[in-house]
Structure formats: structure tokens, C-alpha cells
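Line by line, the protein sequences give chains A, B and C.
Read in the numbering used here, the first sequence has 14 at position 14, and its numbers run on one by one without any break.
Read in the numbering used here, the second sequence has 246 at position 127, and its numbers run on one by one without any break.
Read in the numbering used here, the third sequence has 519 at position 113, and its numbers run on one by one without any break.
Below is one structure, written out as C-alpha cells, with a few remarks after it.
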Amino acid sequence: MERIPILRMGRFLLVTIQVDMHDQLALTLQDDLTERIVADRAKGVLIDISSLDVVDSFIGRMISNIAGMSRVLDAQTVVVGMRPAVAITLVELGLDLAGVRTALNVEKGMALLQGSTVA
Amino acid sequence: MKATAGNPLVEVLRRHEAGILADWLKEQARSGTRGDAAQDNEMRTTSREFLAAINDGLAGDDVDGTGPRWARAMEILSALSASRATQGYSPSETATFVFSLKQPVFARLRSEIADAATLAEAFWTATRLIDRLGLFTTEAYQRTREEVIARQQRELLELSTPVVELWKDILALPLIGTLDSSRTQVVMESLLEKIVASGASIAIIDITGVPTVDTLVAQHLMKTVAAARLMGADCIISGIRPQIAQTIVHLGVDLSQVTTKASLADAFLVALARSGSRIEAGQAEAA
Amino acid sequence: MAAIMDLRVERKAQLDLRGGEDVVRLRQAVREHAVAVGFSLVDQTKIVTAASELGRNTIQYGGGGKVEITIVTDGARRGVRLEFTDEGPGIADLKLAMQDGFTTGGGLGLGLSGAKRLSDAFDIESSPGKGTRVVIVRWKAR
């Protein structure tokens with residue numbers, strides 16, 4: 001079955017979403033992530049969406065779900081790489097991804113997860 | 120000068136329209152107008168229409184080129200001048216189109232009019248008419264060039280977003296002049312792109328140089344701030360003058376989510392603090 | 407509705423919307439049409455996103471249906487028109503459905519108001535037992 005790969009970087013998990021996701025893939029990702037957070041005792045999840053040229057409410061809900069689940073499992077979630085056109089569209093759409101922290105790129109996202117600021 | 124019944128110039132031009140057209144086209148080719156086959160065809164059509172329009176104009180009372188019957192001829196000249204101006208032809212090349220009409224017309228007048236006095240009169244009228252039309256093309260050409268330049272300036276203004284990297288991780292966008300809805304949109308999208316490209320997570324939008332802000336512009340600003348936040352960057356709006364502050368409150372725009380500062384300097388200090396730096400007074404160096 | 411119907415059609419495509427993969431195909435098709443009309447990147451994103459919302463609705467709540475993608479003109483401007491139809495249960499309370507917000511959690515979660523915000527024109531016909539038809543149009547700016 002097709003799955004989105006989850007990489008481990010220390011105590012953090014990194015997910016790069018590169019494909020146009022359909023429902024089953026999204027659900028599988030949520031399941032896989034939950035399992036890995038527990039298995040790897042991860043402290044944080046970094047979701048890289050820099051390859052996505054469209055984020056609709058379905059993907060938005062998926063991201064919110066992942067953030068919610070991680071929080072329950074005592075892990076933080078940071079979403080990085082949102083493209084300007086996507087951000088502008090989400091604002092127009094009225095989706096605000098409440099409760100989801102964001103950063104410009106993987107480097108800043110990792111810094112956020114690690115709890116330090118990039119000077 | 121009023122046309123009397125049977126004005127020789129008018130008669131000759133009407134009777135020999137086809138022949139004059141043929142000679143004129145030859146004359147145009149001779150004076151070296153550039154162009155490919157498609158353009159040549161177009162010029163043939165335009166020339167034919169113009170000559171017909173001249174005869175229409177002459178059918179009225181004025182042989183001077185003024186009056187409502189000349190509207191069509193002027194239209195054709197305006198369109199021609201405008202298109203040549205945008206294509207980069209020189210003013211002379213454009214005026215030549217009209218002036219090259221003199222030779223064929225004079226030739227016909229010479230062969231059709233025997234009486235010297237009448238011929239001289241006709242030459243004079245023809246010259247004045249053609250000169251007038253020729254000068255008209257240069258004026259029309261000039262107007263179009265000015266419009267082209269104005270448009271290019273506008274586009275340059277839109278495209279060149281003066282985003283400045285004030286410090287590591289801090290961008291500043293000083294907006295100057297009146298903002299309209301479309302320009303604001305372009306500038307804001309450009310700011311978001313620059314945020315991504317530079318990786319700066321703080322952007323200061325300074326509107327000191329903006330005299331007024333209307334609802335649409337205020338909304339665009341707010342949407343941009345929201346979009347930047349979604350992307351992982353923060354915006355600070357600085358330089359809100361008292362009048363603009365009033366406008367914003369009256370428009371009911373919600374600024375509670377945005378940090379605002381009166382001056383760019385204050386905004387910069389806030390930005391520095393957020394990115395983990397601060398400015399300290401140093402000791403003067405000992406001489 | 408009359409205003410949306412009086413458009414001259416330049417190009418048409420029709421897609422079936424049954425399963426998850428179809429939404430992917432829908433997004434690609436809408437993107438192609440938007441590019442063909444010359445939409446800016448932001449405008450492309452807006453209409454593709456709106457299409458994604460409405461396409462998912464058709465599949466999840468409409469029990470499957472189809473979409474017609476057309477390039478249209480009203481004489482002065484060119485744009486992309488999308489028409490989603492299904493023969494599903496229909497929407498009983500259209501007003502409530504249009505009041506949706508994603509963050510309210512209430513309502514029907516259909517994202518219709520979002521799709522409307524992303525479009526220049528929006529129209530919907532739906533009633534229980536009669537299925538649903540949603541039409542949106544986005545024009546190329548200037």
C-alpha cells in the first residue's frame with residue numbers, strides 16, 4: 001500500500017507531503033504517525049508542506065487532527081513551508097488552522113520544536 | 120477655404136482616386152517603409168481607406184481638414200500613429216505616410232489642370248491639407264508615446280517592491296504613495312514571496328508614506344498579515360498616522376491580532392527583541 | 407442564475423466524481439483550464455481549492471456525481487466555470503449550509519461558504535430528494 005514516509009531526526013519525526021493526497025492516504029498517515037510518536041517516544045512532529053500547491057479543508061482538517069493527536073501524546077506539531085498562494089487562499093477560505101504552529105522552513109521549524117530561537 | 124462647386128482639387132481627387140492610390144503605394148514603398156507581407160497588406164488597406172476618407176471630407180464644405188466630415192480621416196490617422204508609436208516607429212516614418220501623398224496628388228493635378236492660375240490654387244490647397252494631416256499624425260504619435268511611458272512607469276512601480284532586509288530575519292516594506300486595490304494586492308503577494316525567499320520571519324510594513332487607506336486596502340493589509348502568520352512569519356505595521364488610525368477604526372477593521380507601532384524605528388526595536396537581539400548603548404572609543 | 411447561464415462557452419471538459427482519486431484528477435483538470443485562461447498563480451490556487459472543496463462534497467455527501475469544466479466569456483472577460491451535479495440526498499436547509507465556517511464546528515461542514523468566497527460568482531440549487539447543483543465562476547483579473 002502506498003504510504004507517506006516518516007523520517008526520524010533525534011526525538012522528532014519529519015513528514016514531507018509531496019503528493020496530491022487522497023482520503024485513504026491521509027487516514028493512513030494519521031494512523032502511522034500516531035504509532036510512531038508512541039514507538040519512538042517522539043517529542044515533536046514536523047510536517048513539511050512546501051511541495052503542496054493546494055491545501056483544502058480536508059488537508060487542513062488532517063493537519064489539525066495530527067496536531068491534536070500529537071498534543072495528547074505530549075508531542076508538538078509544527079507545519080513548515082506553506083506557499084504564499086496557499087496561505088492567501090486559506091485566509092480567503094476562512095481556514096485558520098488554530099492550534100497549529102507554523103514556521104517558514106524546516107530549519108526554523110526544528111528550532112521551534114527544540115525550544116530555542118534562531119538569532 | 121470653402122469649396123465651390125467644381126473645385127478642381129476635389130474633382131481630381133475624386134475622379135482619380137484609384138490611380139492616386141496606386142501611385143501613392145508605390146511612393147510609400149520607395150520611401151522605404153519597413154514591413155513584411157502582412158504589414159504591406161495592412162498598409163494597402165489603410166491607405167485605401169484613408170484616401171476614401173479624404174474624399175469624404177472634401178465632399179463637405181471644408182477643404183482645410185477641419186469639420187465633422189473629417190472625423191473618419193482623423194480616426195484612421197490616430198489609430199495608425201498610435202499603433203506605430205507602440206511598435207517603435209519614429210515620428211518621421213509615421214508622418215511620411217501622409218506626406219508621401221503629395222507627389223502623386225501633384226502629378227495628377229499637373230496632368231489634369233491646364234490653367235496655370237487654377238493649378239497654383241489647387242497645389243496650394245492640397246499642400247495645406249496634407250501638411251495639416253501630416254502634423255496631426257505627429258501630435259497623435261506624441262500622445263501615444265506619452266501614454267506608453269506612463270504605463271511603463273506604473274508597471275515598474277508595481278513590479279519593483281522595495282522590500283528591504285533591515286537585519287537578519289527582519290524585512291521592511293516601506294509603502295509610498297496612494298495605494299489602490301490592485302497595486303496593494305501585487306505588493307502584498309510580492310512581500311510574501313520575499314519572506315519565503317529570505318527566510319525572514321518578521322516583516323515590518325511601514326505606511327508612513329501612505330496618505331489614505333480605504334476599506335479594500337485595509338482588508339488586503341489584514342489578509343496579508345494573516346497569510347504571513349499562516350506561513351510562519353509575523354508582521355508589524357508601522358507609521359499609522361492619526362488620520363489613518365481614525366479611518367481604520369471607522370471601517371471596523373480588527374487590528375487586535377496585529378502589532379502596530381507609530382514609527383518604523385519602534386517597530387524595528389520590537390522586531391529585534393522578537394528575534395532575540397537588542398540594541399545597547401556602547402562606550403565611546405577612547406581616543 | 408440567469409447571469410451565469412448567459413455565457414459563451416469556449417472549451418468543455420467533463421469528469422466523473424466517484425472516489426478519492428477523482429478529486430486529484432479534478433484538481434489537475436481545473437488547474438489546466440485556469441492556466442489556459444491565464445490566471446495568476448494565486449487565482450489558480452483559489453479556483454483549484456474551491457473545486458477541491460466542492461468535488462469532495464459531491465463525492466462524500468452527494469454519493470458521487472460529475473463536474474463540467476468550461477472556459478467561458480461574457481464578451482469582456484474570460485473565465486473558468488465549474489458545475490458540480492449529484493443525485494444525492496440534497497440539502498434541506500441551504501441557509502444553514504451556507505452559514506458554515508470551518509472553525510465553528512457546527513453546520514454541515516460543507517465548506518460552501520468558503521468556496522463562495524473563493525469565487526467571483528456562486529450559485530446553488532438543492533433540495534431533499536432532488537440532488538444538488540453548484541456552479542462557480544472565476545474571471546481572469548483585468
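In this text, a Cβ means the ideal position worked out from N, Cα and C, and glycines have one as well.
Predicted model only: the values in this text are computed from it and were never measured.
Inset, instruction - Using a Cβ-Cβ cut-off of less than 7 Å, give me the residues of the region 441–460 of chain C that come near chain A, in sequence order. - result: Hits within the stretch, in order: L447, V448, T451, K452, V454, T455, S458 and E459.
Inset, instruction - Report yes or no: do three or more beta-carbon pairs, one from the region 344–357 of chain B and one from the region 371–382 of chain B, lie closer than 8 Å? - result: yes
Inset, instruction - Find out if the Cβ-Cβ distance for the pair V80/A, D48/A is shorter than 8 Å. - result: Yes; because the gap between Cβ atoms is below 8 Å, this pair is in contact.
Inset, instruction - For G115/A, decide whether its Cβ has a neighbour in chain C, counting only Cβ atoms nearer than 8 Å. - result: no
Inset, instruction - In the DSSP assignment, find the alpha helix (DSSP H) that holds A440/C and state where it starts and stops. - result: G426 to V443
Legend entry - Short CB-CB distance (under 8 Å) between D20/A and chain C: yes
Legend entry - Proximal residues of chain A, C-beta to C-beta of R433/C below 7 Å: Within chain A, the residues near R433/C are D20 and V54.
Inset, instruction - Please check if any C-beta of chain A sits within less than 8 Å of the C-beta of E308/B. - result: Taking Cβ atoms only, chain A reaches closer than 8 Å to E308/B, which makes this a yes.
Legend entry - Through-space distance from L228/B to R133/B, alpha-carbon basis: 12 Å
Inset, instruction - Express the C-alpha separation of Q420/C and D159/B in angstroms, rounding to a whole number. - result: Those two C-alpha atoms are separated by around 45 Å.
Legend entry - Residues of its chain near E474/C, where Cβ-Cβ distance is below 6 Å and the 5 sequence neighbours each way are ignored: Q420 and E489
Inset, instruction - Classify D48/A as helix, strand or coil using the three-state DSSP reduction. - result: strand
Inset, instruction - Flag V543/C as yes if its beta-carbon sits less than 8 Å from any beta-carbon of chain A, otherwise no. - result: no
Inset, instruction - Measure from the C-beta of L93/A to each C-beta in chain C and report whether the shortest distance is under 8 Å. - result: yes
Inset, instruction - Count the other CB atoms, across all protein chains shown, that sit within 10 Å of the CB of E399/B; report buried if there are 16 or more and exposed otherwise. - result: exposed
Inset, instruction - Output, in sequence order along the chain, the residues in the region 371–387 of chain B whose CB is closer than 9 Å to any CB in chain A. - result: Answer set for the region 371–387 of chain B: empty.
Inset, instruction - Check whether the Cβ of G511/C lies closer than 8 Å to any Cβ atom in chain A. - result: Here the model assigns G511/C a pLDDT of 43, short of 50, so the residue's position is not dependable and the matter cannot be decided.
Inset, instruction - Would you tell me roughly how many angstroms separate the C-alpha atoms of L310/B and D74/A, rounded to the nearest one? - result: 36 Å
Inset, instruction - Return the bridge partner residues of L292/B from the DSSP annotation. - result: I324/B
Legend entry - Beta-carbon proximity check, V436/C vs G485/C, cutoff 8 Å: no
Legend entry - Under the three-state DSSP convention, the category M341/B falls into: helix
Legend entry - C-alpha gap between I324/B and L90/A, whole angstroms: 21 Å
Legend entry - Host alpha helix (DSSP H) of T77/A (start-end): Where T77/A is concerned, there is no enclosing alpha helix (DSSP H), although the beta strand (DSSP E) it sits in stretches over Q76 to V80.
Inset, instruction - To the nearest angstrom, report how far apart D449/C and V106/A are at their CA atoms. - result: In a straight line, the C-alpha of D449/C is about 27 Å away from that of V106/A.
Legend entry - When S533/C, V429/C and L423/C are compared against A498/C, the one with the closest alpha-carbon: Ranking S533/C, V429/C and L423/C by Cα distance to A498/C puts S533/C first.
Legend entry - Within-8 Å CB hit, T28/A to chain C: Not one chain C Cβ lies under 8 Å of T28/A.
Legend entry - Cβ contact check for the region 174–189 of chain B and the region 93–105 of chain A: 3 or more pairs under 8 Å: no
Inset, instruction - With DSSP as the reference, label T331/B as helix, strand or coil. - result: Residue state, collapsed to three classes: coil.
Legend entry - Where D422/C falls: helix, strand or coil (DSSP): strand
Legend entry - Element boundaries [alpha helix (DSSP H), containing M69/A]: S57 to V72
Inset, instruction - State buried or exposed for T164/B, treating a residue as buried only when at least 16 other CB atoms are found within 10 Å of its CB. - result: exposed
Inset, instruction - Excluding the 5 residues preceding and the 5 following S150/B in the sequence, name in chain order all residues of the same chain whose CB lies nearer than 7 Å to its CB. - result: T215 and S219
Legend entry - Contacts that G207/B makes with chain A (C-beta to C-beta distance below 8 Å): The premise fails here: G207/B is roughly 35 Å from chain A at the closest Cβ pair, so nothing lies under 8 Å.
Inset, instruction - Could you spell out the range, first to last residue, of the alpha helix (DSSP H) harbouring E35/A? - result: D23 to D40
Legend entry - Local conformation of I268/B per DSSP, three classes: Here I268/B carries a helix assignment [DSSP, helix/strand/coil].
Legend entry - Extent of the continuous beta strand (DSSP E) to which W286/B belongs: Per DSSP, W286/B is one residue of the beta strand (DSSP E) stretching across V283 to W286.
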